[in-house]
Amino acid sequence: MENLLRKGEQGILPAGADRIVRSSISQQLGSEPFRRFIKNTKADDAQHWMVAAINQQRIKDLGLPEQARLVRLSSESVVSHRKRFEGFSGEDWQRVQRIADKGEWLKQGDTHRALWLDDDGKPWLAVIKRSREGELFLVSYRRASEGELKKLRSAAERGQ
379 MENLLRKGEQ
389 GILPAGADRI
399 VRSSISQQLG
409 SEPFRRFIKN
419 TKADDAQHWM
429 VAAINQQRIK
439 DLGLPEQARL
449 VRLSSESVVS
459 HRKRFEGFSG
469 EDWQRVQRIA
479 DKGEWLKQGD
489 THRALWLDDD
499 GKPWLAVIKR
509 SREGELFLVS
519 YRRASEGELK
529 KLRSAAERGQ
């Protein structure tokens with residue numbers, strides 16, 4: 379499993395391995411080590427956890443670099459949103475995968491993409507940033523209002 383995850387980080391997942399990687403990520407998001415990461419990490423720890431794996435076709439459809447297959451959550455983002463993130467369950471974190479798979483991706487500037495999915499009747503917003511190296515990082519994740527989603531869509535249509 380670790381070997382597959384490393385290959386995923388390098389953008390070279392073998393065909394059919396997405397399901398295995400996604401399952402491993404999903405299991406980790408409900409684990410005690412992940413909860414400790416959310417509770418105790420410091421911004422300068424330079425750690426990250428994988429929170430989603432985007433399949434190759436979706437990567438192409440979104441115009442993202444081939445190596446951008448895994449979405450990571452960094453220590454820095456956790457520290458910025460710790461209070462909110464501590465309240466999320468494993469199921470809440472697993473929603474990130476569903477958003478990546480089925481959500482509407484809205485381009486924000488050159489390096490950010492926001493996506494949302496109306497799950498359980500209420501909208502969620504996940505903001506993903508592409509690093510200079512082409513890696514994807516979850517920089518914000520929360521419930522959103524319908525009004526906020528309308529503003530994001532409008533900005534995306536105007537190319538902002």
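Counting from 379, one number per residue, gives the positions in the sequence shown under our numbering.
Beta carbons are placed, not taken as given, at the ideal position from N, Cα and C, and that holds for glycine.
All of these numbers come straight from a predicted model, not from anything done at the bench.
When Cβ pairs closer than 8 angstroms are counted between the two stretches, the segment 500-514 is seen to touch the segment 440-458, the count reaching three or more.
For the set Ile477, Arg521, Phe415, Leu440, the Cα lying nearest the Cα of Arg460 is the one of Phe415. Contact annotation: Val474 and Leu516 have beta-carbon atoms nearer than 9 angstroms. Annotation: the continuous beta strand (DSSP E) that includes Phe515 extends over 514-521. Classified as exposed, Ala424 has fewer than 16 neighbouring CB atoms from the shown chains inside 10 Å of its CB.
With 16 or more other CB atoms across the displayed protein chains lying within 10 angstroms of its CB, Glu513 is buried. Positions of the beta strand (DSSP E) runs, each at least 3 residues long and wholly inside the segment 411-449, are given as 426-431 in order along the chain.
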